[in-house]
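Colleague:
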Ligand SMILES: [Zn+2]
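Numbering (my numbering), first residue to last: 5 to 485.
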């Protein structure tokens, strides 16, 4: 189709009547045209343009620019590209827009000599097509905005001409893009933040439930992993997470109509396994003997206002419990391991063991350092013992997905490598910083794990594990409670 045929088709279209207007200005036609042809100056005088690329108008070339939004507060800039199809100096320029599917539009700026140094400047625009019609309401507003701002712009040029005796758009204040780029950068930062928060939430905060055996559920994430054992009209909960994961776990229990939680076992004192305790006010709270003292010592503020969450049913040996018909054994390692007061929970009928933080599966572990409870040899011993005594058990680790006995042995190997590296670093006379920097634990390919405690975000990483192990290797004896 030739250009004339397309123009004729548009003229015959009933999709919209052209949006047009003119304004008369006290500028001689040759001066007006000479000032007008520099498209890159349009944003300086014509406020419908945010930016324009072309220095000159050339028939057959592309015109590239960006529109301002039809209302200043609307959060968009509209990119546009058009073909210049008609260029008659001191008369008119026309371009056609074909970049949008199903839409054809033409825009003409025209001018005519009125004599006596006066000119008429006009803007004309029309669109059509199946892609145009559903958005007709918008395009009419947009075309009107373009026409109005263009005519106001021509008067702006007239002001400039009358004031300076010439028409050099360089005399107009340069458009500043600083604000625009600040907003773009802020929006990108917000977007990155939102995506980051989403990833962080799904990875570390969200709680997911898995049924391991009839009436036995694992809850991964949202703090330390939890285990729910339900039988005979009562429930036992192992570890209660911390907010907001603790609330999500509590909601799940209520929503699924689980039997009331009559007992809680805390595998150790750490906040991410225990701060949800107060949500189960009526439950018997079981923990190792040292745990309430450790809780008060390390999280005084929290437990002062959540005293009903402190364990009162303390064990120092093995404890046998019954939840309905399910047998539950609460056991503890022979020595300090992850902390001074670790327990694990064993369901012999189902062969399921909730290890608490004696096992971090696929994550770099946190250690009870500088609180002083961790014994790396104790952790190695506990992981190996559990794996040896329960070769076919399903292990619910303190953090990470379900694990097997061979996963526990692999974890013990990691701990041993970490310990050996720390001892070697000390023997070589490295500083703590050097030990952290020169560690090669990254080759274990574990994932990093965040902890948000005492208003501080810290990460279990290869470097931090090397650092903590280095410090622990220098402690000859653990302070007794
Ligand atoms: Zn822990």
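Virtual Cβ for every residue (Gly too), placed ideally from N, Cα, C. Quantities reported herein were computed from a predicted structural model and do not represent experimental measurements.
Rounded to whole angstroms, what's the CA-CA distance from residue 156 to residue 177? Just pull it up for me.
Modeller: For residue 156 and residue 177, the distance between alpha carbons rounds to 16 Å.
Colleague: Residues in its own chain within less than 7 Å of residue 469 by CB, not counting five upstream and five downstream?
Modeller: Once the five neighbours on either side are set aside, the close Cβ partners of residue 469 are 368, 369, 422 and 445.
Colleague: By Cβ distance below 8 Å, which residues in the same chain neighbour residue 199 in space, the five residues on each side in sequence not counted?
Modeller: So no residue of the chain qualifies.
Colleague: In whole angstroms, what separates the C-alpha of residue 240 from that of residue 77?
Modeller: About 56 Å.
Colleague: Return helix, strand or coil for residue 388, following the three-state DSSP convention.
Modeller: Residue state, collapsed to three classes: helix.
Colleague: Of all residues in the structure, which have a C-beta closer than 5 Å to any heavy atom of ligand 1, taken in chain order?
Modeller: Those satisfying the condition are, in chain order, 274 and 361.
Colleague: Taking the alpha-carbon positions, what's the residue 60 to residue 441 distance?
Modeller: Spanning the two alpha carbons is a distance of roughly 58 Å.
Colleague: Could you spell out where the alpha helix (DSSP H) holding residue 336 opens and where it closes?
Modeller: Unbroken run through residue 336: none, as it is neither H nor E.
Colleague: Could you check if residue 433 is buried or exposed, using at least 16 other CB atoms within 10 Å of its CB as the buried criterion?
Modeller: With fewer than 16 other Cβ atoms within 10 Å, it is exposed.
Colleague: Measuring CB to CB, does residue 363 end up less than 8 Å from residue 387?
Modeller: In contact: residue 363 and residue 387 (Cβ atoms closer than 8 Å).
Colleague: Can you tell me which of 296, 95, 272 and 264 puts its alpha carbon nearest to the alpha carbon of residue 512?
Modeller: No information on residue 512 is available, as it lies outside the stretch 5 to 485 that the chain covers here.
Colleague: Given a threshold of 16 other Cβ atoms within 10 Å of its Cβ, counted over all protein chains shown, does residue 12 qualify as buried or as exposed?
Modeller: Residue 12 comes out exposed.
Colleague: Are residue 330 and residue 219 closer than 8 Å when you measure CB to CB?
Modeller: Yes, they are a contact pair.
Colleague: What does residue 82 pair with, by DSSP beta-bridge criteria?
Modeller: Looking at the DSSP assignment, residue 82 forms a beta bridge with 71.
Colleague: Could you give the DSSP three-state label for residue 116: helix, strand or coil?
Modeller: Note: residue 116 maps to strand in three-state DSSP.
Colleague: Distance check for residue 83 and residue 378, CA to CA, integer angstroms please.
Modeller: Each residue's alpha carbon lies about 60 Å from the other.
Colleague: Taking its Cβ as the centre, do 16 or more other Cβ atoms sit within 10 Å of residue 463, making it buried, or is it exposed?
Modeller: So residue 463 counts as exposed.
Colleague: If contact is defined by three or more beta carbon pairs under 8 Å, each pair taking one atom from either stretch, is the region 388–404 in contact with the region 351–366?
Modeller: The region 351–366 is in contact with the region 388–404.
Colleague: Compute the Euclidean distance between the alpha carbons of residue 231 and residue 286, then round it to the nearest angstrom.
Modeller: Approximately 18 Å between the Cα atoms of the pair.
Colleague: State the Cα-Cα distance for the pair residue 314 and residue 447, rounded to the nearest angstrom.
Modeller: Rounded to whole angstroms, residue 314 to residue 447 spans 40 Å at the Cα level.
Colleague: For the region 157–167 against the region 27–38, are there 3 or more C-beta pairs whose distance is under 8 Å?
Modeller: Flag = yes, the region 157–167 and the region 27–38 touch.
Colleague: Does residue 107 come out as helix, strand or coil in the three-state DSSP assignment?
Modeller: Three-state DSSP puts residue 107 in coil, outside helix and strand.
Colleague: Quick check: the Cα distance between residue 317 and residue 289, rounded to an integer number of angstroms?
Modeller: Between residue 317 and residue 289, the C-alpha separation is close to 6 Å.
Colleague: Checking the sheet assignment: what are the DSSP bridge partners for residue 27?
Modeller: 125, per the DSSP bridge assignment.
Colleague: I need the DSSP call for residue 353, collapsed to helix, strand or coil.
Modeller: The answer is coil: DSSP assigns residue 353 none of H, G, I, E or B.
Colleague: If residue 356 sits next to residue 217, beta carbons under 8 Å apart, how far is it from one beta carbon to the other, in whole angstroms?
Modeller: So it is a contact: roughly 7 Å between Cβ atoms.
Colleague: Roughly how many angstroms lie between the CA atoms of residue 236 and residue 327, to the nearest whole one?
Modeller: Whole-angstrom Cα-Cα distance: 7 Å.
Colleague: Tell me the DSSP bridge mates of residue 398?
Modeller: Per DSSP, 356.
Colleague: Specify the secondary structure class of residue 130 as computed by DSSP and reduced to three states.
Modeller: In the structure shown, residue 130 sits in a strand (DSSP, three-state: E or B).
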